[in-house]
Each structure stands twice: as structure tokens, then as C-alpha cells.
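A.B. asks: Taken in sequence, the protein lines are chains A and B.
Numbering follows the working numbering, with no gaps: position 64 of the first sequence is 65.
Numbering follows the working numbering, with no gaps: position 111 of the second sequence is 122.
The beta-carbon is built from N, C-alpha and C at its ideal position, and this holds for glycine as well.
Just so you know, these numbers come straight off a predicted model, no measurement behind them.
Okay, here's the structure, questions in a sec.
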Amino acid sequence: AQTVTQSQPEMSVQEAETVTLSCTYDTSENNYYLFWYKQPPSRQMILVIRQEAYKQQNATENRFSVNFQKAAKSFSLKISDSQLGDTAMYFCAFMKLLPPTQGGSEKLVFGKGTKLTVNP
Amino acid sequence: GAVVSQHPSWVICKSGTSVKIECRSLDFQATTMFWYRQFPKQSLMLMATSNEGSKATYEQGVEKDKFLINHASLTLSTLTVTSAHPEDSSFYICSARDPPLGPSPSSYEQYFGPGTRLTVT
Numbered sequence: 002a003q004t005v006t007q008s009q010p011e012m013s014v015q016e017a018e019t020v021t022l023s024c025t026y027d028t029s030e031n032n033y034y035l036f037w038y039k040q041p042p043s044r045q046m047i048l049v050i051r052q053e054a055y056k057q058q059n060a061t062e063n064r065f066s067v068n069f070q071k072a073a074k075s076f077s078l079k080i081s082d083s084q085l086g087d088t089a090m091y092f093c094a095f096m097k098l099l100p101p102t103q104g105g106s107e108k109l110v111f112g113k114g115t116k117l118t119v120n121p
Numbered sequence: 012g013a014v015v016s017q018h019p020s021w022v023i024c025k026s027g028t029s030v031k032i033e034c035r036s037l038d039f040q041a042t043t044m045f046w047y048r049q050f051p052k053q054s055l056m057l058m059a060t061s062n063e064g065s066k067a068t069y070e071q072g073v074e075k076d077k078f079l080i081n082h083a084s085l086t087l088s089t090l091t092v093t094s095a096h097p098e099d100s101s102f103y104i105c106s107a108r109d110p111p112l113g114p115s116p117s118s119y120e121q122y123f124g125p126g127t128r129l130t131v132t
């Protein structure tokens with residue numbers, strides 16, 4: 002079974018600085034996707050960034066970028082120029098595609114999350 | 012962007028009663044919807060996957076007779092918690108996606124609803 006580990010339960014960063022959230026995962030799959038989701042106090046899940054496992058190039062979305070190390074099964078999130086609105090829980094997630102014999106759908110497995118606080 | 016709504020956003024029910032939670036995709040047709048459960052300060056755990064017009068696929072350990080899922084249309088899935096007990100109190104989140112158009116992860120993006128807080132007294 003796939004597992005996702007986020008080793009930092011809580012982190013804090015000063016506004017305008019850079020912070021990196023770590024995530025490791027365990028899988029025997031070769032084709033999968035990785036995601037970072039943000040859950041602010043409103044509890045609405047928001048997709049931050051996504052990465053295909055077969056792509057070596059790291060994904061980037063404005064201030065958010067990832068460091069994807071497939072061999073090490075590591076998928077860290079870097080937030081540059083942190084803003085107060087970045088304060089939230091951040092969940093790393095692994096998605097695998099299920100074969101038709103298992104429903105043919107996909108399954109998201111989430112890590113336990115990292116609570117990020119951006120201080121003014 | 013794709014919007015998913017949930018109703019109600021918060022519900023309180025008495026032990027032994029049943030409560031229904033609705034999940035709607037507002038601007039797209041969702042062939043597949045997912046139901047998650049989130050305990051306080053914890054992660055999301057997938058409960059079941061529902062495909063329109065077919066039976067839901069439940070994750071191991073989830074009682075299908077207790078958590079009834081119906082996906083009767085391409086825009087609506089419902090989760091009914093039957094004979095609720097205090098231990099069922101939790102935050103329930105649904106997500107939905109439209110049919111994948113290709114192999115890229117954007118084809119499998121799940122759009123999340125705002126969640127429903129269930130309190131069983």
C-alpha cells in the first residue's frame with residue numbers, strides 16, 4: 002500500500018521569506034501523480050501544484066515550486082515570498098490509477114499534513 | 012473553474028437518526044465522486060468512490076451499510092449516515108472530477124467541496 006509521510010507537523014516562516022515543506026512517499030508503482038493541497042481555516046481544499054512522476058522537470062506555479070526526486074521518493078514544496086494568506090495546512094498527496102479490476106478509477110492518499118504559519 | 016458544493020455545511024443530529032449529505036458539481040458533469048472523512052487536526056481518509064449509475068466502491072474498513080452512497084446523476088452524489096452515533100461526528104468532504112481526457116494529472120484533478128461538519132449528540 003502507498004504511504005505518504007510529512008515529517009514536519011508544524012512550521013512557521015516570516016512574511017516574504019522562503020519555506021520548504023517536506024514529503025516522502027512509498028510506492029512500487031512507476032506511473033503516478035503527486036499533489037500538494039492547501040487547506041486554510043475555511044477547510045476548503047485547494048490544489049497548489051501537481052507533478053507527473055514520468056516528468057523529470059519540477060513543476061512550478063508562481064511562488065510555489067517542487068523538488069521532485071523520484072529515486073529518493075521525495076516531493077518537497079517550496080513557497081517563495083511567503084504571504085500571510087499562505088497560512089494553512091498543507092497536504093502532500095499521492096495518486097495512483099486503479100486497474101479496471103479495481104474500479105478503473107484513481108485514489109488519492111494524503112499525508113498527515115504540515116501546519117504552516119506565516120508571521121508578519 | 013470547476014465548483015463543487017455540499018449541503019448542509021453543518022448538521023447536528025441525535026444518536027440513532029440518519030442524516031443525508033449532498034455533493035453537487037455545479038458547472039461540470041462528474042462521472043466520479045469521492046467521499047472523504049477528516050477527523051480534527053488529521054488528514055483526509057478516502058471512504059468511498061462513486062461512479063454515476065453504479066454501486067460505490069468502499070475502502071477497507073468502511074461500513075457500506077452505515078454509509079450509504081448514491082450517485083444517481085452526473086451532478087449529484089449523496090452520503091447518508093444511517094443510525095448515526097457520536098463516533099460518526101466528523102468533517103465529511105466530497106470531491107468530483109469530470110471524465111479524464113488524457114494521461115496528464117490535470118485530467119484527474121479532483122475538485123473539492125467545502126465540507127460538511129456532522130455532530131451527533
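Check the DSSP bridge columns for VAL14 (chain B) and list the partner residues they point to.
C.D. replies: Numbered from 1 along the second sequence, position 3 holds the residue referred to as residue 14 (chain B). DSSP output for VAL14 (chain B) lists no bridge partner at all.
A.B. asks: With a 10 Å radius around its C-beta and 16 neighbouring C-beta atoms as the bar for buried, classify LEU109 (chain A) as buried or exposed.
C.D. replies: Stepping through the first sequence from its first residue, residue 109 (chain A) is reached at position 108. Buried, because 16 or more other Cβ atoms sit within 10 Å of the Cβ of LEU109 (chain A).
A.B. asks: Taking PHE69 (chain A) as the query, report the chain B residues whose CB atoms sit under 9 angstroms from its CB, ordered along the chain.
C.D. replies: Here residue 69 (chain A) refers to the residue found at position 68 of the first sequence. Residues of chain B passing the Cβ test: none, with the nearest at roughly 12 angstroms.
A.B. asks: State yes or no: is the C-beta of ASP38 (chain B) nearer than 7 angstroms to some heavy atom of the ligand MN?
C.D. replies: The ligand MN is not among the ligands present in this structure, which contains no ligands whatsoever.
A.B. asks: Grab me the residues of TYR47 (chain B)'s own chain with a C-beta within less than 8 angstroms of its C-beta, minus the 5 sequence neighbours each way, in chain order.
C.D. replies: The residue given as residue 47 (chain B) occupies position 36 in the second sequence. Excluding sequence neighbours, TYR47 (chain B) sits near LEU55, MET56, LEU57, MET58, TYR103, ILE104, CYS105, SER106.
A.B. asks: Tell me, which residues are paired with LYS66 (chain B) by DSSP?
C.D. replies: On the second sequence, residue 66 (chain B) is found 55 positions in, with the first residue counted as 1. According to DSSP, LYS66 (chain B) bridges with nothing at all.
A.B. asks: For SER13 (chain A), I'd like the list of residues in its chain whose CB is within less than 7 angstroms of its CB, leaving aside the five on either flank, ordered along the chain.
C.D. replies: Here residue 13 (chain A) refers to the residue found at position 12 when the first sequence is read from its first residue. The answer, listed in chain order, is THR118, ASN120.
A.B. asks: Considering only the beta carbon of each residue, do THR93 (chain B) and LYS77 (chain B) sit closer than 8 angstroms?
C.D. replies: On the second sequence, position 82 is the one that residue 93 (chain B) refers to. On the second sequence, position 66 is the one that residue 77 (chain B) refers to. Yes. Within cutoff.
A.B. asks: Could you give the first and the last residue of the continuous beta strand (DSSP E) run that contains HIS82 (chain B)?
C.D. replies: Walking along the second sequence from the start, residue 82 (chain B) turns up at place 71. Taken as a continuous stretch (DSSP letters only), the beta strand (DSSP E) holding HIS82 (chain B) covers 78–84.
A.B. asks: For ASP82 (chain A), name the three-state secondary structure that DSSP assigns.
C.D. replies: Your numbering for residue 82 (chain A) matches position 81 in the first sequence. Three-state DSSP puts ASP82 (chain A) in coil, outside helix and strand.
A.B. asks: Around the C-beta of ASP99 (chain B), are 16 or more other C-beta atoms found within 10 angstroms, so that it is buried, or is it exposed?
C.D. replies: What you label residue 99 (chain B) is simply residue 88 of the second sequence in a count that begins at 1. Buried, since its Cβ has 16 or more Cβ neighbours within 10 Å.
A.B. asks: Would you check if there are 3 or more beta carbon pairs closer than 8 angstroms linking the segment 17–36 of chain A to the segment 49–65 of chain A?
C.D. replies: yes
A.B. asks: ALA57 (chain A): buried (16+ other C-beta within 10 angstroms of its C-beta) or exposed?
C.D. replies: As a working note, residue 57 (chain A) is residue 56 in the first sequence. The displayed chain sequence assigns Gln, not Ala, to residue 57 (chain A). By the neighbour-count rule (16 or more Cβ atoms within 10 Å), GLN57 (chain A) is not buried but exposed.
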